[in-house]
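J.: Under the numbering used here, the sequence shown has 31 at position 29, and the numbering climbs by one with no breaks.
Note that beta-carbon positions come from the ideal geometry of N, C-alpha and C, so glycine has one too.
Take this structure, written in C-alpha cells, and hold onto it; I'll ask about it next.
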Amino acid sequence: MPRYEFRCRACGDTFEVSRPMAEASAPADCPQGHNDTVKLLSTVAVARGAAGGSSAPAPSGGGACGGACGC
Ligand SMILES: [Zn+2]
Numbered sequence: 003m004p005r006y007e008f009r010c011r012a013c014g015d016t017f018e019v020s021r022p023m024a025e026a027s028a029p030a031d032c033p034q035g036h037n038d039t040v041k042l043l044s045t046v047a048v049a050r051g052a053a054g055g056s057s058a059p060a061p062s063g064g065g066a067c068g069g070a071c072g073c
C-alpha cells in the first residue's frame with residue numbers, strides 16, 4: 003500500500019500514513035490528534051508493475067507513526 007506523508011500545522015510534526023490510492027487525498031489526523039494537516043509530496047517509490055505483496059516493515063526514519071497508521 004502506498005505511503006503518503008503529511009505535515010501537521012498545529013504541532014509541525016510530519017508523519018506517514020499507508021492508505022489506498024483512492025483515499026490519497028483524504029485528510030489525515032496527526033499522531034497528536036490534530037486535524038490541521040497538509041499532504042506533502044508523496045514519497046511513494048512504488049513502481050508501476052513492481053507492486054508485489056511486499057509487506058516489509060521498512061520504517062524510513064520516521065518513528066512518528068505512533069501506531070496511528072498501523073504500520
Ligand atoms: Zn499535530
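Skipping 5 residues on each side, what residues in its chain have a beta carbon closer than 6 angstroms to that of ARG11?
T.: Cβ neighbours of ARG11 beyond the five flanking positions: ASP38.
J.: By Cβ distance below 8 angstroms, which residues in the same chain neighbour PHE8 in space, the five residues on each side in sequence not counted?
T.: Contacts found: THR16, PHE17, GLU18, VAL19, ALA30, CYS32, THR39, VAL40, LYS41 and LEU42.
J.: Using DSSP's beta-bridge definition, name the partner residues of GLU18.
T.: According to DSSP, which records beta bridges pairwise, GLU18 is partnered with GLU7.
J.: Within 7 angstroms: the Cβ of ALA30 and any heavy atom of ligand 1?
T.: No; taking the cut-off as 7 angstroms, the Cβ of ALA30 has no heavy atom of ligand 1 nearer than that.
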